[in-house]
Amino acid sequence: MVSGLFPVVLNGAATARRGQILVGPVDLTLNGGGVCVVIGPNGSGKTSLLRMMHGAARLTHGSIDWACPTPQARRAQAFVFQRPVMLRRTVRENLAYPLRIRGARRREALKTAGDWAERVGLGGMLDRQAPVLSGGEQQKLALARALIIEPELLFLDEPCASLDGRAMREIEEILVTAREHGTRLILSTHDMGQARRMADEVAFLLHGKVHEFGPAAEFFTRPGTPQARAFINGEIVE
Amino acid sequence: MVDLWSGLVQAFWLVATLDSELVEIAMRSLRVSLSALGIASIIAMPLAALLAVKRFRWRRFVIAVLNALMGLPPVVVGLVVYVFLSRSGPLGVFGLLFTPTAMVIAQVIIVVPLIASISHQALRDLWEEYHDLLISLNVTQWQKIHTLLWDARRALLTAALAGFGRAIGEVGAIMVVGGNIDHATRVLTTAIALETGKGDFALALALGFVLIALAISVSLTIHWLSRTEREAKW
Ligand SMILES: Nc1ncnc2c1ncn2[C@@H]1O[C@H](COP(=O)(O)OP(=O)(O)OP(=O)(O)O)[C@@H](O)[C@H]1O
Ligand SMILES: [Mg+2]
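In the order they appear, the protein sequences are chains A and B. In this text, residue positions in the first sequence follow the working numbering: the first is 0, and each later residue adds one. In this text, residue positions in the second sequence follow the working numbering: the first is 219, and each later residue adds one.
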């Protein structure tokens, strides 16, 4: 599974919409393995950064170079959105969909879907319509649907926003298992507890720029800038 | 009044005994409108999906044309089709004028804009919902359209039923291109127009009953479908 996505090099990468820069320019090099947690105040560009790296938002400046050709890199990635997208189908069919898109046979896809539903605790809901699931169940479904293609890199945009502690723990367990299997995670969050628990590296965003980037232990104990220190302490960052 | 009453009684008997002329006309109506509906759906629904997902240069223009066509009086559509199919027209060699085929062609033109714009609305909403996920999964254009058409199938069925309602009740265009010829191109609506003109209320009313029954069952089905759609959210 560990083939050639990393290292990925962002060089002056930025995404703009109608001439207005949403995030960037970003210079960043990410190596394989582990969890990179993206934190920052509302509107600092976390979602935009993740979308830009994934290719869901157009790269308007600079470059993003994966260790393999970009189309191949995109096929090895998955994305869990801040608001999960539920196909108007059953849970089973939602899970099977990415496999079917990639040309898997229906029987096998549905079987794998069953296995994954079991793994994320949706085993009893395979035949429910996905749009009527609860928020937490939808998040789990979105997560399993992203992991089912065994991506090398998984983006998660606030996967636990509006979930209670128990649902958050369940999701974090799934993520830890994925990391142990070698999946690289890039995760944005507002929850400092989650950031501390999950992070191997931290990218702190402010005003659309990467303000600070480094190993998590160092970032949380000795933040390099007053803004990062203030943010960690839950103060308002200007 | 007496005329009307005896007409009603006769009409009832025509329907109850499955009068052969009545059945023939009703079946032809169904055949023409269902054929038109099938062809129109095959054209309109993929077109609607394409309009929803693809940003091409002529998109706005096509949508504007569809909306304009939706407002066209059927009799004008009939006239244009007539000109094209008439012996001296560009398609005159096929000898289609005054055949059921000509009626199907006219109804397809009338119904495509209606089905396409109802479908387009539903598919556009669904595309907005699905956009991020499908882009993230790198689906091909064809997979995109296939997914949207399948997941919006109830809304599409509603669109088709609306199209059927329009087709089966339409009289202006098929009168012009079909000619209301006995045993050849006479359908429910044109027969009603003719029999009413002749003063034969019995047959006209019986035909009317059938038409109303069809229309009511179609709109009840639409109503029921759109209700279940809202409840089940799929
Ligand atoms: N599609 C868009 N069009 C215009 N502006 C946008 C668009 N998407 C994001 N923005 C703007 O770009 C900036 C960064 O937004 P982004 O969603 O990346 O922030 P975020 O860090 O994810 O915020 P949050 O914590 O609230 O999720 C914001 O000012 C936002 O208003
Ligand atoms: Mg965000």
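Beta carbons are placed, not taken as given, at the ideal position from N, Cα and C, and that holds for glycine.
* **Neighbourhood of residue 198/A by C-beta, 7 Å cutoff - its chain only, sequence neighbours within 5 removed** => 34, 36 and 215
* **Short Cβ contact (8 Å threshold) for residue 54/A with residue 82/A** => no
* CA-CA distance, residue 252/B and residue 382/B? -> 7 Å
* Endpoints, the alpha helix (DSSP H) within which residue 279/B is located -> 277–288
* Counting only runs of 4+ residues fully inside the stretch 68–139 of chain A, write out the alpha helix (DSSP H) ranges in chain order. => 69–74, 90–100 and 105–118
* Nonlocal neighbours in the same chain, by C-beta distance under 8 Å from residue 370/B, ignoring five residues either side -> 337, 340, 341 and 344
* **Between the CA atoms of residue 93/A and residue 441/B - distance to the nearest angstrom** => 28 Å
* **7 Å Cβ cut-off: residues of chain B touching residue 84/A** => 347, 348, 350 and 351
* Please check if any C-beta of chain A sits within less than 8 Å of the C-beta of residue 271/B. => no
* To do: Mind checking the stretch 314–348 of chain B against chain A and listing, in chain order, the residues whose C-beta falls within less than 9 Å of any C-beta there?
  => 344, 347 and 348
* Asked: Is the stretch 397–410 of chain B touching the stretch 352–361 of chain B in the sense that three or more CB pairs, one from each, lie closer than 8 Å?
  -> no
* **Secondary structure of residue 365/B, DSSP reduced to three states** => helix
* When a residue counts only if its C-beta is closer than 7 Å to some heavy atom of ligand 2, which residues count, in chain order? -> 45/A, 46/A, 81/A, 156/A, 157/A and 187/A
* Express the C-alpha separation of residue 302/B and residue 452/B in angstroms, rounding to a whole number. => Because the pLDDT of residue 452/B is 47, which lies under 50, any placement of that residue in the model is unreliable, and the number read from its coordinates should be weighed accordingly. Their Cα atoms are separated by approximately 42 Å.
* What residues in its chain sit with their C-beta under 7 Å from that of residue 47/A, if we drop five residues either side in the sequence? -> 14, 21, 22 and 56
* **Three-pair Cβ contact test at 8 Å for the stretch 174–185 of chain A versus the stretch 143–163 of chain A** => yes
* Continuous alpha helix (DSSP H) stretch holding residue 343/B: start and end -> 318–354
* Asked: Quick one: which chain B residues come within Cβ less than 7 Å of residue 53/A?
  -> 354
* To do: Go ahead and pull the three-state DSSP assignment for residue 46/A.
  => helix
* Asked: Among 28/A, 175/A and 173/A, which one has its Cα closest to the Cα of residue 12/A?
  -> 28/A
* Buried or exposed by the 16-neighbour rule on C-beta atoms within 10 Å, applied to residue 346/B -> exposed
* Asked: ligand 1 heavy atoms versus the CB of residue 161/A: any closer than 7 Å?
  -> no
* To do: Determine the direct distance from the alpha carbon of residue 233/B to that of residue 414/B, and round the result to whole angstroms.
  => 17 Å
* With DSSP as the reference, label residue 357/B as helix, strand or coil. => coil
* Rounded separation between residue 1/A and residue 206/A - CA only -> Here the model assigns residue 1/A a pLDDT of 49, short of 50, so the residue's position is not dependable, and the following value carries that caveat. Using only the alpha carbons, I get a separation of about 34 Å.
* Which residue comes first and which comes last in the alpha helix (DSSP H) that contains residue 231/A? -> 225–231
* To do: Indicate, with yes or no, if ligand 1 has a heavy atom lying under 7 Å from the CB of residue 189/A.
  => yes
* Report yes or no: do three or more beta-carbon pairs, one from the stretch 296–312 of chain B and one from the stretch 234–254 of chain B, lie closer than 8 Å? => no
* Would you say residue 359/B faces chain A, with C-beta separation under 8 Å as the test? -> no
* Asked: Just to check, is the beta-carbon of residue 74/A closer than 7 Å to a non-hydrogen atom of ligand 1?
  -> no
* In terms of residues, what are the limits of the alpha helix (DSSP H) holding residue 392/B? -> 390–396
* To do: Under the assumption that residue 395/B contacts residue 296/B (Cβ atoms under 8 Å), give the Cβ distance between them as a whole number of angstroms.
  => 5 Å
* Asked: Excluding five sequence neighbours on each side, which residues of the same chain lie with their C-beta closer than 8 Å to the C-beta of residue 268/B?
  -> 363
* C-beta neighbour in chain B for residue 77/A, strict 8 Å -> yes
* **Cα-Cα separation, residue 419/B to residue 221/B** => 8 Å
* Asked: With C-beta atoms as the reference, is residue 270/B less than 8 Å away from residue 425/B?
  -> no
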